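In the numbering used here, the protein residues as written are 142 to 485.
Here it is in structure tokens:
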């Protein structure tokens, strides 16, 4: 039996696009805008305009060897995004945009875009990231200005400095489990210049973290070791133990990890934990894109049971649990504190 060919059956005049197609097109436009921005970085347009702008299209096309037939649409797209501006027939960088567009600035965001496309990043292929066969590779080293944990690290370091000022306490011997590959360790060491730190990171990143701490001028006061919060293997000698986004990998053994962390504290010492938590019963809420951000960054689900976490700290032998919320790029970071009783 011969099956009819589809073009023999379909009347093109009857093809009316569904209204809901518009929602998909809006999302696709976001991808196209991303590609326009990426192309601006890659072809050197932004750096060239910083040096030679304002310039007319023929001059830009000749200097950068760009296709003149499409350059008008390309530049208009960048203008629509607020990245370049036009006066008459000449184009220049928009006011206050050179800092994020040009390689001469440490805040140039070209590397941030490239990292999104790198194979190690779940955003490069979210379908692959969602597959059960996904294996997270250690991300490459990036400058602090491109590190996705920069805001998190700076906010917690500032919060701890404020806490120390309000509650005078010793900050001399610190144990830090750093889920940001050394960035938070550097931030807290700079905030507490009198302190000595042991920074615990995944074993495969130890040398990289040592180099980062040296870059930020704190390596003389920091020892870097490989490990996890589940098996810290340190005696009770620290006045503060800080766990920065490091419990996700041991989420199935958190009670054991908290007990081990409490064992590292001197009597009267304080434990601080900073993590993302999901809603009760792992419910979802608007803002799923930020939840996916957290998943891609940690290759893990956020911690569960925020309403029970204070009790878990007490179960580990700690007292006076408290919780603070720090608002950030990815939502609320839950910061828990608890002390080891002085009588222990």
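Cβ coordinates follow ideal geometry from the N, Cα and C atoms, glycine included.
Note that the coordinates shown come from a computational prediction; the quantities given were computed from them, not determined experimentally.
In DSSP terms, what residue i is bridged to
i: residue 468; result: 473
i: residue 317; result: 340 and 383
i: residue 233; result: 226
i: residue 367; result: 342
i: residue 197; result: 231
Proximal residues to residue i (C-beta, below 7 Å), its chain only, five neighbours per side dropped
i: residue 111; result: There is simply no residue 111 to check, as the chain begins at 142 and stops at 485 in what is shown.
i: residue 399; result: 453, 454 and 457
i: residue 348; result: none
i: residue 342; result: 319, 322, 323, 350, 365 and 367
i: residue 189; result: 204 and 205
i: residue 235; result: 223, 224, 225 and 226
i: residue 381; result: 312, 315, 410, 411 and 413
i: residue 194; result: 232, 233 and 234
i: residue 428; result: 472
i: residue 243; result: 187, 188, 191 and 249
Of the residues the options, the one placed nearest residue i, counting alpha carbons only
i: residue 415; options: 464, 377 and 367; result: 464
i: residue 352; options: 292, 313 and 283; result: 283
i: residue 233; options: 249, 253 and 200; result: 200
i: residue 447; options: 303, 182, 305 and 421; result: 421
i: residue 177; options: 439, 385, 212 and 388; result: 212
i: residue 240; options: 327, 278 and 191; result: 191
i: residue 171; options: 202, 187 and 218; result: 218
i: residue 391; options: 336, 362, 441 and 358; result: 441
i: residue 483; options: 459, 153 and 188; result: 459
i: residue 345; options: 236, 279 and 336; result: 279
i: residue 312; options: 295, 334, 154 and 235; result: 334
i: residue 412; options: 188, 228, 444 and 316; result: 316
i: residue 238; options: 356, 187, 480 and 309; result: 187
i: residue 383; options: 478, 439, 274 and 427; result: 478
i: residue 198; options: 444, 228 and 248; result: 228
i: residue 206; options: 184, 246 and 449; result: 184
i: residue 332; options: 356, 296 and 215; result: 296
i: residue 338; options: 314, 156 and 358; result: 314
i: residue 395; options: 153, 426, 423 and 450; result: 450
Which of helix, strand or coil DSSP assigns to residue i
i: residue 418; result: strand
i: residue 266; result: coil
i: residue 407; result: strand
i: residue 463; result: strand
i: residue 282; result: coil
i: residue 359; result: coil
i: residue 480; result: strand
i: residue 413; result: strand
i: residue 444; result: strand
i: residue 485; result: Its pLDDT being 49, under 50, residue 485 is placed unreliably by the model, and nothing is read from it.
i: residue 288; result: coil
i: residue 160; result: coil
i: residue 174; result: helix
i: residue 394; result: helix
i: residue 434; result: helix
i: residue 188; result: helix
i: residue 425; result: coil
i: residue 253; result: helix
i: residue 325; result: helix
i: residue 306; result: helix
i: residue 246; result: coil
i: residue 449; result: helix
i: residue 215; result: helix
i: residue 372; result: coil
beta-carbon residue i near the ligand FAD non-hydrogen atom, thresh 7 Å
i: residue 334; result: The ligand FAD is absent from the structure shown, which contains no ligands of any kind.
Neighbourhood of residue i by C-beta, 6 Å cutoff - its chain only, sequence neighbours within 5 removed
i: residue 472; result: 431
i: residue 180; result: none
i: residue 293; result: 469
i: residue 182; result: 251
i: residue 409; result: 483
i: residue 389; result: 439 and 441
i: residue 485; result: For residue 485, the predicted model reports a pLDDT of 49, less than 50, meaning its position is unreliable and no value from the coordinates is stated.
i: residue 488; result: Because the chain in this structure spans residues 142 to 485, residue 488 falls outside the shown range and cannot be described.
i: residue 373; result: 401 and 405
i: residue 418; result: 443, 444, 447 and 475
i: residue 387; result: 318, 320 and 370
Close-in-space but distant-in-sequence residues of the same chain around residue i (CB under 8 Å, 5 per side omitted)
i: residue 300; result: 465, 467 and 476
i: residue 354; result: 323, 326, 327, 330, 340, 360, 363 and 365
i: residue 358; result: 331
i: residue 269; result: 263 and 275
Neighbour flag for residue i against chain D, beta carbons, 8 Å
i: residue 268; result: Among the chains of the structure shown, chain D does not appear; only one protein chain is present.
Between the segment 426–441 and the segment 260–277, do three or more beta carbon pairs fall short of 8 Å? Taking 8 Å as the limit for Cβ pairs, the verdict is that the segment 260–277 does touch the segment 426–441.
Does the pairing of the segment 287–300 with the segment 311–327 give three or more beta-carbon distances under 8 Å? Touching, yes, given that three or more Cβ pairs across the two stretches are closer than 8 Å.
Any contact between the segment 400–409 and the segment 376–383? By contact I mean 3 or more CB pairs, one from each, below 8 Å. Yes: the two stretches touch, three or more of their Cβ pairs being nearer than 8 Å.
Taking one C-beta from the segment 219–239 and one from the segment 250–259 each time, how about it: are there three or more such pairs within less than 8 Å? Counting Cβ pairs under 8 Å, fewer than three are found: no touch.
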